[in-house]
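Below is one structure, written out as structure tokens; comments come after it.
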Amino acid sequence: MRDPEKSSELEETAPPGLPSFQEIRRILEERVEGLRLEFIPNPAAPDQSSFCVPTEFALETARILRDDPRFALDFCSNVTGVDWLDQTVEETILHRETTDEGERTIKEIVRRRRPGFLEAVYHLYSMRARRGPLVIRQRTANRIDRVRVASLTPIWRSAEFQEREVYDLFGVRFEGHPDLRRILMWDEFKDYPMRKDYVEPDDYEYEPTPQGEAAAKARRHYPYGGAR
Amino acid sequence: MSRQTEGQQFASALGMGNASPEGPRGDSPVLPPPAGPLYEAKPKPGSARAAEGETLEVAVGPHHPSTHGVFRMDVVLDGERIISLKPRFGYLHRNHEKLCEGGTYLMAIPYTDRLDYFCSLTNNWAYVLAVEKLAGVEAPERAEYLRVITAELTRLLNHSCLVGFLLQDMGAMGTPLMYAFREREKLVDLFEELTGARMMCNYMRFGGCRTDASAGWLERTRRVVDDFPRFLDEFEDLLTSNEILLARTQGVGKLSAELAINAGVTGPMLRASGVAYDIRKAAPYGIYERFAFRVPVGEHGDVYDRYMIRMLEMRESVRILKQALKEIPEGPVLNPKARRRNFRPPVGEAYGRLEAPKGELGFYLISDGSPRPYRFRIRAPSFINLTILEDMCLGHTLQDAVIILGSVDIVMGEVDR
């Protein structure tokens, strides 16, 4: 689904009040040594496209976004998690080929398996300069054991409870968070309920007139008709 | 243990029990009075404070009249002063986001009513705004006016009730809250006539509003809006210069502008700290740029400023309402091109936000092209405004913590989602 031509076109758009995505990438990559940002185009709302920031540079990048007057993004409005399962993605790759008739571009569609990962998404605004949102994301290496990303709570305090919520419901671990505990679920709870492959515990309570899904559950728990 | 009850023990400890060394029935001796107080007091192990005194841990809530729902504060007190306060919530958690990911985009609208159940109309609008951004749908002119009118009526309702509850927390039992609820009654009657429901309005749709307002409804709304400043004057006469209110709120729960911005505090809380940031002005949505209104800003960031900001905001809301009710045009209220059933927005994501009465309410949606949202996220203002509850309460007494919490304006339906 990712079309490189369209992607670079979208990179020329700008988030409200800020320089274009290309310019933002240039500024950030210049200031942080070794940083490579991945542009994530958003065809539905191009001004809300985003950058994926590698975890090891996230804190430094966030500090620049907050303190550099070109951005001055002092307000982190929204922090959330997204769970992406393993999926097959189609990518269009452009080849340039020189033949006898001249140069031509060949489009090739490649299917590849993308392993699943968890994502933390941050929506940044500037209260003083009234601009934004600039959306940045961090991705974990997988969904099982390498689920660490950098906590941005040291930069924006508003991420404190929201990162706790992402940890609670998605199981993303935020390195450097001052107080990473469950926030909505109880401490003894084991699983992460917002994950796409979450299975509800099989805790059936007797219902006198079960309907639909509850009826199937009732048959499983009371194959001979139960207490009726 | 002997058959003597705890009450008798306690009575004897106070010197009120039977004076004879024998028990009441003569079968058990009276126990010596307890050495310490009857509550649990622990010195903090290994801390310098252990030498000075003892700390007391109190769990305020989950069922406490001042916690505005099932909310708990784990407070550590040193004498009367709070030295630590940890908010605990989630008692009302029903995984709203997962519920909405399981249904279509349309099916999520009634669920949004149940977030902040005082302000169902602004919740509807915030969600619809995000979907409209995602799918590129526009609402007709009359619908935009109706949205502004209902949203501002909601703000009047929320702020007047909040002030009532805040006074209730201060011990003004009944009167201010009853005055506020008398006005709320008029407003929910209007909602009932327009939408069919008093609280769970389920009114907005992608590309407009569900039903049109009759000429009679607009006339009745005009009358309620015209009468509202009289109620505000009455309310302010009662409260604004009230000696008890001044003594309890001034200088209590101060929040600096820097911390407020950094902690993502929004809404009247933020403006009371002196930051003039109102999304209706900073990033206008709907048709707000057409109306003339001011953004009240506080100076001290204490509880009194938060109270005052809400009073002033109600007057500005009345101003917006008067303009909107004068200018509202005739026309359709639903965009016929916008689909509601079988609605599949394009692949992508959108974040839509607006100035709800409690602060910035945002919805973040990711679409994978199917009829159900892949990700449905609610940025709840009262949840994030709680982040700095501890910072505001440190050093104050427990009775101040109660009104500081009251001035944050939380609704647990929204905090726990």
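Protein chains in written order, with the working numbering: chain R, 1312 to 1539; chain A, 1033 to 1449. Heads up, the beta-carbon is just placed ideally off N, CA and C, and yes, glycines get one too.
{"Asked": "Outcome for Pro-1361 of chain A when other beta-carbon atoms lying within 10 angstroms are tallied against a minimum of 16", "Found": "exposed"}
{"Asked": "Interface residues of chain R facing Arg-1409 of chain A [CB-CB closer than 8 Å]", "Found": "Asn-1389, Thr-1391"}
{"Asked": "Own chain partners of Thr-1281 of chain A with C-beta closer than 7 Å, once the 5 adjacent residues on each side are dropped", "Found": "Asp-1334, Val-1335, Tyr-1336, Tyr-1339, Ile-1435"}
{"Asked": "Cross-chain neighbours of His-1125 of chain A in chain R, by beta carbon under 8 Å", "Found": "Leu-1495, Met-1496"}
{"Asked": "Straight-line gap, Ala-1325 of chain R to Ser-1098 of chain A (C-alpha atoms, nearest Å)", "Found": "46 Å"}
{"Asked": "Ser-1116 of chain A at chain R interface by Cβ criterion, 8 Å", "Found": "no"}
{"Asked": "Assumed close pair Gly-1299 of chain A, Lys-1165 of chain A - CB separation to whole angstroms, cut-off 8 Å", "Found": "Actually they do not touch by this definition, with Cβ atoms about 21 Å apart."}
{"Asked": "Asp-1259 of chain A, enclosing alpha helix (DSSP H) - first and last residue", "Found": "1247-1271"}
{"Asked": "Exposure label - Thr-1144 of chain A; buried when at least 16 CB within 10 Å", "Found": "buried"}
{"Asked": "Close beta carbons around Gly-1487 of chain R, own chain, < 8 Å, minus the five adjacent residues each side", "Found": "Leu-1370, Ala-1461, Ser-1462, Thr-1464, Pro-1465"}
{"Asked": "Nearest neighbour of Arg-1448 of chain R, chosen from R:Leu-1429, R:Arg-1454, R:Tyr-1436 [CA to CA]", "Found": "R:Leu-1429"}
{"Asked": "Environment of Thr-1451 of chain R [buried if 16+ CB atoms lie within 10 Å]", "Found": "buried"}
{"Asked": "Proximal residues to Ala-1083 of chain A (C-beta, below 8 Å), its chain only, five neighbours per side dropped", "Found": "With a pLDDT of 44 at Ala-1083 of chain A, under the threshold of 50, the modelled position of this residue cannot be trusted; read the value that follows with caution. Here the set comprises nothing."}
{"Asked": "Buried/exposed call for Gly-1134 of chain A, threshold 16 Cβ in 10 Å", "Found": "exposed"}
{"Asked": "Beta carbon of Gly-1427 of chain A nearer than 8 Å to that of Ile-1114 of chain A", "Found": "yes"}
{"Asked": "Beta-carbon contacts of Met-1301 of chain A that lie in its chain and below 8 Å, excluding the five residues immediately before and after", "Found": "Leu-1287, Ala-1292, Arg-1338, Gly-1391, Asn-1417, Ser-1439, Val-1440, Asp-1441"}
{"Asked": "Arg-1396 of chain A in three-state terms, based on DSSP", "Found": "Here residue 1396 of chain A is Tyr; the residue named in the question, Arg, does not match the sequence. Correct three-state label for Tyr-1396 of chain A: strand."}
{"Asked": "Cα-Cα separation, Ala-1289 of chain A to Gly-1306 of chain A", "Found": "6 Å"}
{"Asked": "For Val-1458 of chain R, the nearest candidate out of R:Asp-1498, R:Ile-1338, R:Pro-1357, R:Ala-1431 (CA to CA)", "Found": "R:Ala-1431"}
{"Asked": "Residue range of the beta strand (DSSP E) that includes Leu-1445 of chain R", "Found": "1442-1450"}
{"Asked": "Cβ-Cβ separation, Phe-1323 of chain A to Ala-1356 of chain A (assumed contact under 8 Å), whole Å", "Found": "7 Å"}
{"Asked": "Counted within 10 angstroms of its Cβ, other Cβ atoms place Arg-1531 of chain R as buried (16 or more) or exposed", "Found": "exposed"}
{"Asked": "Contact with chain A by Ala-1452 of chain R, beta-carbon distance below 8 Å", "Found": "no"}
{"Asked": "Residues of its chain near Tyr-1398 of chain A, where Cβ-Cβ distance is below 6 Å and the 5 sequence neighbours each way are ignored", "Found": "The sequence as given places Ile at residue 1398 of chain A; Tyr does not occur at that position. Hits under 6 Å: Glu-1381, Tyr-1406, Arg-1407."}
{"Asked": "Min CB distance Pro-1380 of chain R to chain A below 8 Å", "Found": "no"}
{"Asked": "Integer-rounded CB distance, given that Phe-1150 of chain A should sit under 8 Å from Glu-1215 of chain A", "Found": "Rounded, the Cβ-Cβ distance is 13 Å, inconsistent with contact."}
{"Asked": "Whole-angstrom distance between Ala-1183 of chain A and Phe-976 of chain A, CA atom to CA atom", "Found": "As shown, chain A starts at 1033 and ends at 1449. That puts residue 976 of chain A outside it, with no answer to give."}
{"Asked": "Straight-line Cα distance separating Pro-1444 of chain R from Leu-1278 of chain A", "Found": "39 Å"}
{"Asked": "Nearest candidate by alpha-carbon position, reference Ser-1402 of chain A, set A:Ile-1141, A:Glu-1251, A:Asp-1106, A:Tyr-1137", "Found": "A:Tyr-1137"}
{"Asked": "The stretch 1411-1430 of chain R contacting the stretch 1329-1346 of chain R, beta-carbon criterion three pairs below 8 Å", "Found": "no"}
{"Asked": "Any chain R beta carbon closer than 8 Å to Asn-1190 of chain A", "Found": "no"}
{"Asked": "Alpha-carbon to alpha-carbon, Tyr-1235 of chain A and Pro-1142 of chain A", "Found": "9 Å"}
{"Asked": "CB of Cys-1363 of chain R within 8 Å of CB of Ile-1375 of chain R, strictly", "Found": "no"}
{"Asked": "Ile-1311 of chain A - containing alpha helix (DSSP H), residue span", "Found": "1311-1314"}
{"Asked": "Cβ pair Val-1108 of chain A, Glu-1089 of chain A closer than 8 Å", "Found": "yes"}
{"Asked": "Distance CB(Gly-1384 of chain A)-CB(Leu-1161 of chain A) smaller than 8 Å", "Found": "yes"}
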